[in-house]
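S.K.: Read in order, the letters of the sequence shown correspond to residues 251 to 462 in my numbering.
Cβ atoms here follow ideal geometry from the backbone N, Cα and C, with glycine treated the same way.
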Amino acid sequence: MRSIRSLQEIIFPNRCLGCSALGLEICSSCRGNWHPHIYRTFSSWQPHFPIYSAVSYSAIAGKILLAAKENSLKVADELILQALKHSLRSCIQERGIGFLVPIPSRKSVARKRGRQFINELTLSLSQNSHLAYYENLTHIRKVQDQSSLDAKGRYANLDGSMRSLRYLSGRAILIDDLVTTGATLSEAARALRIQGIEVAAAVTACVAEPLR
Ligand SMILES: [Zn+2]
């Protein structure tokens, strides 16, 4: 899947990931929607740890995430990795180090895509930051599609849906592409806590306005 795509990138002229304009892989105007900043999300409710993000979610950011997830486009992966590196740097400065734990996709989704998207990015992040990387979470039951649910509905939908595979000493830093309500990150932290693992913080590429 990935190699076919890479071949297409060589054969066909580039179109902007954000607006489909011919030319660069991402045009300067769309690139402006992916300029890494520092966003810290502290929830008064859940999760009980700060979330560091780099890019405010927009329609263009959504297309970049989709291009990486659904089409494995290398240029989209690179943009997301750059955003994650940026968020991780501020996370470490403020919260100290920890080991990296990616939020995995469901197995059926990963099979369809031909890869575990966040795991691959987290591995690159680990090599870049010299922080250890552990695939330590798995999904243990089906959940409803989240898109129509509000924050409370999402928390209820995900509760008890993940499991941590083993105890690890030290603190975890969760890695994901996007945070909306924090329900997924909270569920991951709950599963890790059962194994005795504390989550220091989460790092995501994008942050969206939460649904209330
Ligand atoms: Zn564009």
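Just to check my reading of the structure: residue 349 and residue 383 have Cβ atoms closer than 8 Å, yes? What is that Cβ distance to the nearest angstrom?
M.R.: Counting from one through the sequence shown, the residue named residue 349 turns up at place 99. Counting from one through the sequence shown, the residue named residue 383 turns up at place 133. Their Cβ separation, rounded to whole angstroms, is 7 Å, which keeps residue 349 and residue 383 in contact under 8 Å.
S.K.: In the DSSP output, what is residue 301 paired with across the bridge?
M.R.: Walking along the sequence shown from the start, residue 301 turns up at place 51. DSSP lists 291, 452 as partners of residue 301.
S.K.: Check residue 334 in the structure and name its three-state DSSP category.
M.R.: The residue given as residue 334 occupies position 84 in the sequence shown. Of the three classes helix, strand and coil, the one that applies to residue 334 here is helix, per DSSP.
S.K.: Out of curiosity, what's the CA-to-CA distance linking residue 335 and residue 379?
M.R.: Sequence index remark: in the sequence shown, residue 335 carries index 85 (1-based). Sequence index remark: in the sequence shown, residue 379 carries index 129 (1-based). If I take the Cα positions, the gap works out to 8 Å.
S.K.: What whole-angstrom Cβ distance do residue 452 and residue 423 have, given they're in contact under 8 Å?
M.R.: The sequence position of residue 452 within the sequence shown is 202, counting from 1. The sequence position of residue 423 within the sequence shown is 173, counting from 1. Indeed, because the Cβ distance is near 7 Å, the residues count as touching under 8 Å.
S.K.: Got a sec? Which residues, its chain only, sit under 7 Å from residue 313 by beta carbon, not counting five neighbours each side?
M.R.: Here residue 313 corresponds to residue number 63 of the sequence shown, with the count starting at 1. If we look at residue 313 and ignore the five residues flanking it on each side, its Cβ neighbours are 267, 268.
S.K.: Hey, is residue 312 close to ligand 1, as in C-beta under 8 Å from one of its heavy atoms?
M.R.: Taking the first residue of the sequence shown as 1, we reach residue 312 at position 62. Not so, every heavy atom of ligand 1 lies at least 8 Å from the Cβ.
S.K.: Comparing the CB of residue 308 with every heavy atom of ligand 1, is any distance shorter than 8 Å?
M.R.: Locating residue 308 in the sequence shown gives position 58, counting from the first residue. No, Cβ of residue 308 sits at least 8 Å from all heavy atoms of ligand 1.
S.K.: Under DSSP, the beta strand (DSSP E) around residue 422 begins and ends at which residues?
M.R.: Along the sequence shown, read from residue 1 onward, the residue named residue 422 stands at position 172. Run containing residue 422: 421-429, per the beta strand (DSSP E) assignment.
S.K.: Label residue 404 either buried or exposed according to how many other C-beta atoms from any shown protein chain fall within 10 Å of its C-beta, with 16 as the threshold for buried.
M.R.: One-based indexing of the sequence shown puts residue 404 at position 154. Buried is the call here.
S.K.: Assign residue 432 to one of two classes, buried (16 or more other C-beta atoms within 10 Å of its C-beta) or exposed (fewer than that).
M.R.: Taking the first residue of the sequence shown as position 1, residue 432 is located at position 182. Burial call: buried.
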